[in-house]
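For reference, the structure is listed below as structure tokens.
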Amino acid sequence: MDIAYEKDNKERVPFEHYKEEYRKKDPQEIRVRTGFPYSEERQCFTVRFLGKDYEVGFPEFTVRRTEEDDSYCPLLVMNAAQVFVLRFLIEGAQASGTGKFMTYRDIPWGEVYYRQFNGRCMMRLAFSYGNKLDAFRAACEKLGATEIQQGDAGYEFEVFAGFFVRFQLWSGDDEFPPSSQILFSDNFPAVFHPEDLVVVCDIIIGTLKNL
């Protein structure tokens, strides 16, 4: 997945372009590569994204929930999430991790994008929730994240099967501002461009705020 994102990805790389590339694909090739089950009868993939199951149509890209759910579902309403999942269907793949986690700077070329990542993700997370840990915990629980014993509050999110992101928060006080750390399972670099990781953290933070 080596097409770089910008903040305004909808304008820079039109959503329609990705949908057209998707239509050209073989659904069985997508199924084998991504591991997403495909129904010939229903002409859709079952995609699990951030703890929720969706039916994604093929060859036309459509999205619906597999069950009734009145909570916020990013893949139904968030353009960045739709583009991210669509691109994974086009060129992503399963990849095994070792159970270890990496900082953004540890990822190849992560240093190049670190300023963008720090501002859009780590600082945004810290200043949105660093002094609102209860709200952070409540939103993470609604999203189905797994609590981890790291920082003053920490949670692990499963983006796709086997791809995990960890958010860690430290609350601020009179002397120090709140801070955060974001870690990625070590299979991310095998599939994703560093800028994709900025986007997926944007999606998670945006989802938490909407929850």
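Heads up: the sequence shown runs through residues -2 to 208, numbered per our numbering. Quick reminder that beta carbons are idealized off the backbone N, C-alpha and C, glycines included. Quick caveat: nothing in here was measured; it's all calculated off a predicted structure.
{"Query": "Segment contact, 8 angstroms Cβ cut-off, at least three pairs: the region 91 to 111 with the region 173 to 187", "Result": "yes"}
{"Query": "Element boundaries [alpha helix (DSSP H), containing Leu73]", "Result": "Pro71 to Val74"}
{"Query": "Distance CB(Ile27)-CB(Leu86) smaller than 7 angstroms", "Result": "yes"}
{"Query": "Ile145: first and last residue of the uninterrupted beta strand (DSSP E) it sits in", "Result": "Segment: none, Ile145 is in no beta strand (DSSP E) and carries neither H nor E."}
{"Query": "Contained alpha helix (DSSP H) runs [length at least 4] in the region 86 to 132, N- to C-terminal order", "Result": "107 to 114 and 121 to 126"}
{"Query": "Whether Glu155 touches Phe164 by CB criterion (7 angstroms)", "Result": "no"}
{"Query": "For Val60, the residue or residues it bridges with in DSSP", "Result": "Val53"}
{"Query": "Cβ pair Leu140, Gly48 closer than 7 angstroms", "Result": "yes"}
{"Query": "Start and end residues, beta strand (DSSP E) containing Gln165", "Result": "Phe160 to Trp167"}
{"Query": "Residue span of the alpha helix (DSSP H) that contains Val197, given as start and end", "Result": "Pro191 to Asn207"}
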